[in-house]
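If you're matching positions, the sequence shown starts at 0 in numbering that gives the first Met the number 0 and goes up one per residue. Reading through the structure tokens given below for one structure.
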Amino acid sequence: MVRRYLINTFLILFFATASAQDSLQQLMNMHAEAHQPAYWEGIKTVSTKGFWLGSHGDYPVTFFMKRPNKFLMVSQRSRFLEAYNGIDSWTIAKWTSDEAVLMTADEALIHQNVFIFGTPVGASMDMVYKGKISIEDQWYYWIMELRGIETREYFISADSYLLFKTIITRELPTGSQKLTREVVKYTDINGLIFATHVKVYTASVRSEYIFSNITIGTPVDDKRFINPLDN
């Protein structure tokens, strides 16, 4: 009797696990169809005009993004920029007396997640499908992923299969660091889906970015991503 119970319990757990993995694989297939990561693989640079809405005000800016995760934002009106070169984030602005100043860890994490080439979902095999969840009367598929010191939570639209919300939690020696990225709007540009309005925020920093006039493949000189504080 006990043996039969154990066998039945094992079979239930086995088929439940198999069903969950099948659901995750099906979801990933639909998500890939929506974001078309294979097309994004060939895109190395993106430039776009737009707006940055930050703590110091609203600015018309030009953005430059280069694989794997370099980011540059330059004001169209005054001497101001923010940059991330894959290691450090820095800014040059009137409130820094036109000197380069390293930015905080939260600001650097924001720079890493302003623009995503395609989708970050699926970069790790260590993913768990948590089920469907309702957020502000909209249904989303909830996926958790472990990536080194990071735990990532992805919320994928149950209607479009596009990624609309990402929560990143990092466990550091100094404590936890948390970032939330929300996509307000997606735009289809020549068959590719771009997040053209995003909100990215941490406990200490909140920024909003709007992209327009997007250009793919614009050459971006690596010299623009050299940290002036290294000289």
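Heads up, the beta-carbon is just placed ideally off N, CA and C, and yes, glycines get one too.
Cα-Cα separation between L26 and Y160, rounded to whole angstroms: 8 angstroms
Stretch pair the stretch 69–79 + the stretch 191–207: three plus CB contacts closer than 8 angstroms: no
Inter-residue spacing [alpha-carbon to alpha-carbon] between V60 and G121: Roughly 31 angstroms separates the two Cα atoms.
Separation of L178 from D57, as counted between CA atoms: 21 angstroms
Residues bridged to M126 [DSSP beta-bridge criterion]: E144
Inter-stretch contact (C-beta, 8 angstroms, three-pair minimum) for the stretch 149–157 and the stretch 124–138: They touch, by the three-pair rule.
Close-in-space but distant-in-sequence residues of the same chain around A99 (CB under 6 angstroms, 5 per side omitted): W89, I91, P227, L228
Whole-angstrom distance between E144 and Q24, CA atom to CA atom: 14 angstroms
The stretch 27–36 contacting the stretch 165–175, beta-carbon criterion three pairs below 8 angstroms: no
C-alpha gap between K65 and S22, whole angstroms: 34 angstroms
Terminal residues of the beta strand (DSSP E) in which H110 lies: Taken as a continuous stretch (DSSP letters only), H110 belongs to no beta strand (DSSP E), being part of the alpha helix (DSSP H) at 104–112.
Below-8 angstroms beta-carbon distance, H34 vs any chain D residue: Reference to chain D is not applicable here, since this structure consists of a single protein chain.
Cβ-based burial, I225 [other Cβ within 10 Å; buried from 16]: exposed
Where L236 sits in the DSSP three-state scheme: The chain is shown from 0 up to 230; residue 236 falls before or after that span and cannot be answered.
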